[in-house]
Structure formats: structure tokens, C-alpha cells
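To keep things clear, I will list the structure first and then write my remarks on it.
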Amino acid sequence: MSWVALTREVSRSIGECQLTHLERSPIDVALAREQHAQYEQALRALGCVIMRVAPADRLPDAVFVEDTAIVLDEVAIIARPAVESRRAETVAVVDALMAFRSLRFISAPGTLDGGDVLKVGRDLFIGESSRTNRAAIDEVGRLLAPYGYRVTPVAVTGCLHLKSAITAVDEQTLLVNPAWVPGDAFRRYDLIPIHPDEPSAANVLMVGSRLLSAAEHPKTREVLLARGYDVTPVFNSELAKAEGAVSCGSLIFRRDGAADWSSSGS
Ligand code: CIR
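Plus 1125 on top of the position in the sequence shown (first one is 1) and you've got our numbering.
Shown next, in the form of C-alpha cells:
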């Protein structure tokens, strides 16, 4: 399988990032960049070709490319971040993605961060959060109906994005912090609870059948290893201070997809 991982350099201004749940604490930019380079290396080892979007030192949160788009085999939807300081991040992502997919766009008054979008097979669960509203969720539903995706809104409380609370570890199994997301939306899946000492550990990144997890969550990694998952730890101490987890740093998609070029929607 040929995977592309879109990434973006940690901005020099990352210290001015958006914060919702954490107190601001100093971020070591050099260390953040080193950890990010190791993250890219881990993605290569899982079979991804890294494509870096042009850097943007004036956009503090630009490294969190996951939030800028939803990339599916057939089509990509460009997000519309709720916070003003993040809105311009999508410009360079449009340039990068148009080589791979036909593009659609979230329009006002919709706002959406990709971190709220959990894809499991043909199902998209979308967090209704401080960043993503019902108008955007409905728009995603309309845009994806022709491709046979099911879109389900899920209330998010206590954390930034849906994927802070729950991510997939295979097509039938989700890793979850039950305190942050209602379990009933996910009744037809097997749910693995995170280790209670590690509330932020539910965010892992699945590439094919393998997983990346933050090295700072060893107890939850043990839970996954004991169940037979292949888990690579990556250090994420600096971007965690910006409320970024492992999935946030990339957009991963099949190079060839099954692109629908019938109408660009732009
Ligand atoms: C923000 O608040 O937007 C950034 N500081 C963190 C974004 C993390 N992205 C993600 O969880 N997908």
C-alpha cells in the first residue's frame, strides 16, 4: 500500500498557539522540531511517503495539519477552522491536496476541525465541539452522501476534539476515554478504555494495521500491546503543550485513492 502523509514544519511561533484546556507553558521549538522529525521518520517506517506542506512561521498551529481537511479515497473536504488564527492554514493544504483529490469545501457558517472527524470504514463520526458546529457536520453529510458514507454527530465534552477522546485501532475496535465521549454512539464497536492514569491517551494514529502512540502514555500502550496491536511510541512532549496529539501532525491517505474528478466544487 502506498500511503502519503502530509505534514508541516513546527512554526517558530508555536508558543502563541491556541489553548483551550491547558495553561500556557514554554515550548522548546528545537525539541518540538526534533520530535516532529522523529514522528515523520516513524511514519516512513510504517510505509508512508512524507510530503511537507510549505512552512508557515506566522501561523502558530500550522503543524496540526489534521485539522485542515478530511481526506477520503474518493474526495477531500477542506475544513473551515473556527478560530481565526487558524483559518489561513488551509491555503497551502489546498495547494498540496489538489494534486491528489477532487476538493470540496466547508462553507460559512459551518466550522470544522479535522480533529473532530473519526473515520471507521464507511462511517464518519464527527464531534460537535467548540470547533465544529452542526452546520458543518450537515454539510459533510451532504457532500459525502454520493459516496455512501454515513455521518453521525457526537457530542464532545471535556476535551478539544472528538479524536482527543476516541480513535480507531482497527476497523472494529476503538480506544476511548469514556469520561470525554458518550459510549452509546459507538455501541456496535469493541471499546478499549485508556489506562485511567493517562486521560489523553485515546489519541493514537492508525496506518494500515499498525499504530503510533505518544511515548508519554506507556500504560495505555501496554494495554494495546497485551491485545496484540503493533504500537510504535513517538515522543510528543512539546506539541502536547499546544494540545496536539499524535494524529494531529499528519493527514494520511492512499496515494491513488479512487478520485472523483467529475466536479471540483470550487
Ligand atoms: C488548537 O488549539 O487548535 C491547537 N493548539 C491544537 C490542535 C490539535 N489538533 C488536533 O487535536 N487535531
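Even glycine gets a Cβ: it sits at the ideal position worked out from N, Cα and C.
Secondary structure of residue i, DSSP reduced to three states
i	result
Glu-1253	strand
Cys-1373	helix
Asp-1241	helix
Thr-1145	coil
Thr-1236	coil
Pro-1343	helix
Gly-1390	Annotation note: pLDDT 37 at Gly-1390 (below 50); position unreliable, coordinate value reported separately. Gly-1390 falls in the coil class under three-state DSSP.
Leu-1285	coil
Residue i at chain D interface by Cβ criterion, 7 angstroms
i	result
Arg-1267	Absence of chain D from the displayed structure is noted, only one protein chain being present.
Euclidean distance between Cα positions of residue i and residue j
i	j	result
Arg-1211	Glu-1159	23 angstroms
Gly-1172	Thr-1132	15 angstroms
Arg-1380	Arg-1177	15 angstroms
Gly-1235	Gly-1266	12 angstroms
Gln-1297	Asp-1248	11 angstroms
Arg-1313	Glu-1368	29 angstroms
Ala-1293	Met-1223	27 angstroms
Any non-hydrogen atom of the ligand CIR within 6 angstroms of residue i CB
i	result
Glu-1191	yes
Ala-1327	no
Asp-1153	no
His-1146	no
Gly-1382	no
Glu-1368	yes
Gln-1143	yes
Residues near residue i in its chain [Cβ-Cβ closer than 7 angstroms; skip 5 each side]
i	result
Asp-1322	Lys-1344
Ala-1213	Leu-1184
Arg-1149	none
Pro-1303	Pro-1318
Leu-1316	Leu-1299, Val-1301, Gly-1308
Cross-strand partners of residue i (DSSP beta bridge)
i	result
Ile-1195	Ile-1202
Thr-1357	Leu-1337
Ala-1293	Leu-1299
Contact set for residue i: own chain, Cβ-Cβ below 8 angstroms, skip 5 residues either direction
i	result
Trp-1386	For Trp-1386, the predicted structure reports a pLDDT of 49, less than 50, and the residue's modelled location is therefore unreliable. The matter cannot be settled from this model.
Own chain residues within Cβ distance below 6 angstroms of residue i, not counting five before or after
i	result
Val-1306	Ala-1290, Ile-1291
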